[in-house]
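Reviewing the structure listed below.
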Amino acid sequence: MTAALIAPEAPLDRAQVEQSPPRAPRDSRPGRSRRRVGKTLLGALAVVIAVIWVFPVYWMINSALLPKSYLESFTPTFFPVEASLGNFRAAIADGTFFSALGISVGVTLTAVFCCLIFAFLASIAISRFRFRGRTSFVLAVLVVQMLPAEGLFIAQYKMMSTLGLKGSIIGLSLLYIAAIVPFTVWMLRGFVAGVPIELEEAAMVDGLSRTQAFLRITFPLLAPGLVASGVYAFLQCWNEFTIALVLMDQSSETLPLWLRGFVQQSSTRAIDWGQVMAASALVAVPVIAFFLIVQGRLTSGLVSGAVKG
Amino acid sequence: MTSTLQRTPRAAITRTAATNRRRKAFAPYMFLIPAIGILLFGLGYPVIWQVVTSFQKYGAMQQLGGQAPPFVGLDNYIAVATSPEFWGVAIRSIVFCVVTAAITLVIGMLLALLMTAIGKASRLTLQIGLLLAWAMPVVAATTVWIWLFDRRRGAVNYLLDLIPGVDMNRFDWLGTPSTFFIVASVIIIWMSVPFVAFSAYAALTQVSEEVLEAAALDGAAGWQRFRSIIFPTIRPVIAIVLLLQLIWDLRVFTQITILQDAGSRSADFDLLGTYIYKSGVAGLDFGQGSAMALFVLALTIALSWFYIRSLLKEDKQS
Numbered sequence: 002m003t004a005a006l007i008a009p010e011a012p013l014d015r016a017q018v019e020q021s022p023p024r025a026p027r028d029s030r031p032g033r034s035r036r037r038v039g040k041t042l043l044g045a046l047a048v049v050i051a052v053i054w055v056f057p058v059y060w061m062i063n064s065a066l067l068p069k070s071y072l073e074s075f076t077p078t079f080f081p082v083e084a085s086l087g088n089f090r091a092a093i094a095d096g097t098f099f100s101a102l103g104i105s106v107g108v109t110l111t112a113v114f115c116c117l118i119f120a121f122l123a124s125i126a127i128s129r130f131r132f133r134g135r136t137s138f139v140l141a142v143l144v145v146q147m148l149p150a151e152g153l154f155i156a157q158y159k160m161m162s163t164l165g166l167k168g169s170i171i172g173l174s175l176l177y178i179a180a181i182v183p184f185t186v187w188m189l190r191g192f193v194a195g196v197p198i199e200l201e202e203a204a205m206v207d208g209l210s211r212t213q214a215f216l217r218i219t220f221p222l223l224a225p226g227l228v229a230s231g232v233y234a235f236l237q238c239w240n241e242f243t244i245a246l247v248l249m250d251q252s253s254e255t256l257p258l259w260l261r262g263f264v265q266q267s268s269t270r271a272i273d274w275g276q277v278m279a280a281s282a283l284v285a286v287p288v289i290a291f292f293l294i295v296q297g298r299l300t301s302g303l304v305s306g307a308v309k310g
Numbered sequence: 002m003t004s005t006l007q008r009t010p011r012a013a014i015t016r017t018a019a020t021n022r023r024r025k026a027f028a029p030y031m032f033l034i035p036a037i038g039i040l041l042f043g044l045g046y047p048v049i050w051q052v053v054t055s056f057q058k059y060g061a062m063q064q065l066g067g068q069a070p071p072f073v074g075l076d077n078y079i080a081v082a083t084s085p086e087f088w089g090v091a092i093r094s095i096v097f098c099v100v101t102a103a104i105t106l107v108i109g110m111l112l113a114l115l116m117t118a119i120g121k122a123s124r125l126t127l128q129i130g131l132l133l134a135w136a137m138p139v140v141a142a143t144t145v146w147i148w149l150f151d152r153r154r155g156a157v158n159y160l161l162d163l164i165p166g167v168d169m170n171r172f173d174w175l176g177t178p179s180t181f182f183i184v185a186s187v188i189i190i191w192m193s194v195p196f197v198a199f200s201a202y203a204a205l206t207q208v209s210e211e212v213l214e215a216a217a218l219d220g221a222a223g224w225q226r227f228r229s230i231i232f233p234t235i236r237p238v239i240a241i242v243l244l245l246q247l248i249w250d251l252r253v254f255t256q257i258t259i260l261q262d263a264g265s266r267s268a269d270f271d272l273l274g275t276y277i278y279k280s281g282v283a284g285l286d287f288g289q290g291s292a293m294a295l296f297v298l299a300l301t302i303a304l305s306w307f308y309i310r311s312l313l314k315e316d317k318q319s
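From first to last, the protein sequence lines stand for chains A and B.
My numbering numbers the first residue of the first sequence as 2 and each following residue consecutively.
My numbering numbers the first residue of the second sequence as 2 and each following residue consecutively.
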């Protein structure tokens, strides 16, 4: 099993395996419980994989903090010696960062809020009711999830310019809601179906109305599901690139578009990687911080949803 | 599961049956209105427009000159179907999608199995590591990887060069299509594995400890236990995850666009998404762009039809 776990990793990130800490020795002394040793070895392997997976994130922050002279050397510097915030200052110097941040926050909050409400209602409908057209709706959700964004943005662009919503927060939010509602419905459906209806029925036998039973019994049990779906929706909107590229212009660009601007410059002049990594960190760090805060709830949300599903 | 309203709770029977039935009939539709409304607006109308446009000549003259687009029958489809360049891009996209999704799934499942086999501290370390990668915005992740694979000062070339006998100094990863797509694949796998691993891990926690122990007592080896007990339990989750990976990997656009910003924009480096963008939007040919987009749509549905059916079946059982 250990060997099988290493094998697919190797061609992937051979480079990074090189500089991650050495694996725990395999020839551990026999005699003690064999299973214990195996568990320790696997634990060490897990830590190595974690280091490999984190490395690009670390590299972004490391490069963002390093002064230019270190980044221009042909020997990479693996630790942020002489760390400074100079790259960050340079990245936000022209002020476009803050307008992009405002647009991104506005779009994301609008879209996540509406998406959760819409998807929550729909998931109750499909997991708590049997009605004509239910299967068609579920099928539509699954198919719509597959519509290639690249095939639709021509039409979406035309539609939004006709409505005068091109380059606006509302226009982009509407398309984001439509794009993420299907998967959110599917995700929440599992959570709602996972709360046994017998719980609600028991509460109703005890005298609660259907609505009361739902609000007092089922809803609290769905909180982890809503958190997980909300995090998913947040990530999708914050990171979305394609629709924003088509719909927004220079003055209304979101953070991903702002960041892309740095890479595009590389075709015309030598790229200042410290500045690009600082810009990347500015886009990524709020997301990462948010993730670390909800981390426990997210994993337990995912886990409990599946356990009950 | 048993969440049908046909089994009306006993308490509700005391209410008049007629009101109840009418309420039941309306409630689900009310709940669906917002979701259906936004889907019709944001996706439904564009798809219909797309289908209509695929039968029209909708080029620069129609977009900029204000001419009404004339219907041209199947001309757009014929032009697309007879273009060797398009087929090259299409086949490349399918291979890329299947290979990337398969590798992602295998690594994700192995990591999930690993999470069940280790102690709490190392599991948490691994989970945080995966969460950090998962949390990275796709544009930021792509720029970081471009920097890592940079020809002259990238960490990847530096580290590969340290291996005796390997000369990767100034190796231009983004310069040739084959290595360009390896880089794209690495980025996508790195970003997608966490989702697969967490979903599979969540499913694995469903596997009953008692059954596993009983099987172990009966002498079932690790592989047997995986094949006969663990895998059947997690199969529905794996099916969903694989379906989503295939869909997502077939329409990679962001990573390819930004890699092309740093590398080459030639058609040899295109997948379907960027190719449609270039001919449809940048090339100002909405008609042919729409025809190709519908091809992608048909392809995605064909690829995943088996899974949609199994999901629907699963949905009916629940």
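Built from N, CA and C at the ideal position, the CB exists for glycine as well.
CB contact below 8 Å: residue i versus chain A
i                   : result
arginine 333/B      : It is not possible to answer for residue 333/B, since the shown part of chain B is limited to 2 through 319.
glutamine 225/B     : no
glutamine 51/B      : yes
phenylalanine 232/B : no
leucine 106/B       : no
tyrosine 78/B       : no
Proximity winner among the options, relative to residue i (alpha-carbon distances)
i                  : options                                   : result
alanine 36/B       : Ile125/A, Thr109/A, Ser100/A and Leu67/A  : Ile125/A
alanine 185/B      : Asn77/B, Phe42/B, Asp250/B and Ile129/B   : Asp250/B
phenylalanine 98/A : Gly275/A, Ser253/A and Asp273/A           : Ser253/A
leucine 65/B       : Gly284/B, Met293/B and Ala303/B           : Gly284/B
phenylalanine 1/B  : Val157/B, Ala113/B, Ala142/B and Ile190/B : In the structure displayed, chain B extends from 2 to 319; residue 1/B sits before or after that span and is not available.
phenylalanine 56/B : Tyr46/B, Leu41/B, Gly38/B and Asp76/B     : Asp76/B
leucine 40/B       : Ser100/A, Gln146/A, Pro81/A and Met61/A   : Gln146/A
isoleucine 118/A   : Phe32/B, Ala299/B and Phe296/B            : Phe32/B
tyrosine 30/B      : Ala47/A, Gly172/A, Asn63/A and Ile127/A   : Ile127/A
valine 85/A        : Ala290/A, Ala94/A, Val288/A and Ile62/A   : Correcting the residue identity first, residue 85/A is serine in this sequence and not valine. Answer by Cα proximity: Ile62/A.
aspartate 162/B    : Pro77/A, Asp273/A and Ser162/A            : Pro77/A
valine 139/B       : Ala271/A, Leu256/A and Val113/A           : Leu256/A
phenylalanine 72/B : Val194/B, Gln289/B and Tyr159/B           : Gln289/B
valine 197/B       : Met116/B, Tyr46/B and Gly74/B             : Met116/B
glycine 74/B       : Val53/B, Met62/B and Gln63/B              : Val53/B
phenylalanine 56/A : Ala28/B, Gly130/B and Met169/B            : Gly130/B
methionine 160/A   : Gly43/B, Ala122/B and Pro237/B            : Gly43/B
Interface flag, residue i vs chain B, CB-CB below 8 Å
i                : result
alanine 279/A    : no
isoleucine 125/A : yes
serine 85/A      : no
valine 38/A      : no
glycine 168/A    : no
threonine 109/A  : no
proline 22/A     : Low per-residue confidence applies at proline 22/A: pLDDT is 46, beneath 50, and the placement is therefore not dependable enough to give any value.
Alpha-carbon to alpha-carbon, residue j and residue i
i                   : j                : result
valine 108/A        : serine 169/A     : 9 Å
phenylalanine 184/A : leucine 143/A    : 8 Å
valine 286/A        : leucine 236/A    : 13 Å
glutamine 251/A     : isoleucine 259/B : 17 Å
alanine 224/A       : alanine 234/A    : 15 Å
methionine 205/A    : leucine 243/B    : 40 Å
glutamate 199/A     : arginine 129/A   : 12 Å
tyrosine 59/B       : serine 209/B     : 59 Å
serine 94/B         : isoleucine 218/A : 47 Å
proline 9/A         : threonine 111/A  : Low confidence applies here, because proline 9/A scores a pLDDT of 33, under 50, leaving its location unreliable; read the following figure in that light. Roughly 41 Å between the two C-alpha positions.
glutamate 201/A     : leucine 189/A    : 18 Å
leucine 323/A       : leucine 222/A    : Nothing about residue 323/A can be read from this structure; chain A reaches only from 2 to 310.
serine 280/B        : tryptophan 50/B  : 18 Å
proline 85/B        : glutamine 265/A  : 30 Å
phenylalanine 242/A : alanine 221/B    : 49 Å
serine 174/A        : arginine 37/A    : 52 Å
lysine 69/A         : leucine 258/A    : 24 Å
aspartate 273/A     : glutamate 83/A   : 18 Å
Enumerate, from N- to C-terminal direction, the unbroken beta strand (DSSP E) stretches of 3 or more residues contained entirely within the region 178-210 of chain A.
none
Continuous beta strand (DSSP E) assignments of at least 3 residues falling wholly in the region 52-79 of chain B:
none
For the region 214-288 of chain A, which segments carrying the beta strand (DSSP E) assignment without a break, of at least 3 residues, lie completely within its bounds, in sequence order?
none
Starting from the N-terminal side, write out each stretch of the alpha helix (DSSP H) that is 4 residues or longer and does not extend beyond the region 174-257 of chain B.
178-205, 210-218, 223-226 and 232-251
At a Cβ cut of 9 Å, what residues of the region 126-137 of chain B count as close to chain A, listed as they run along the chain?
Those residues of the region 126-137 of chain B that come within reach of chain A (Cβ to Cβ, closer than 9 Å) are Thr126, Leu127, Gln128, Ile129, Gly130, Leu131, Leu132, Leu133, Ala134, Trp135, Ala136 and Met137.
Contacting positions in the region 229-250 of chain A - beta carbon closer than 8 Å to chain C:
Note that chain C does not occur in the displayed structure, where the protein chains are A and B.
Mind checking the region 142-162 of chain A against chain B and listing, in chain order, the residues whose C-beta falls within less than 9 Å of any C-beta there?
Answer in chain order: Val142, Leu143, Val144, Val145, Gln146, Met147, Leu148, Pro149, Ala150, Glu151, Gly152, Leu153, Phe154, Ile155, Ala156, Gln157, Tyr158, Lys159 and Met160.
Looking at chain A, which residues of the region 278-298 of chain B have a Cβ within less than 8 Å of any of its Cβ atoms?
Tyr278, Gly281, Val282, Phe287, Gly290, Ser291, Met293, Ala294, Leu295, Val297 and Leu298
Taking beta-carbon pairs under 7 Å, can you tell me which members of the region 162-188 of chain B lie near chain A?
Leu163 and Val187
Any residues in the region 61-74 of chain A with a beta carbon nearer than 8 Å to a beta carbon of chain B? Which ones, in chain order?
Close to chain B, meaning a Cβ-Cβ distance shorter than 8 Å, are the following residues of the region 61-74 of chain A: Met61, Ser64, Leu72, Glu73 and Ser74.
Quick one: which unbroken alpha helix (DSSP H) runs of 4-plus residues sit fully inside the region 254-308 of chain B? Chain order, please.
255-263 and 273-277
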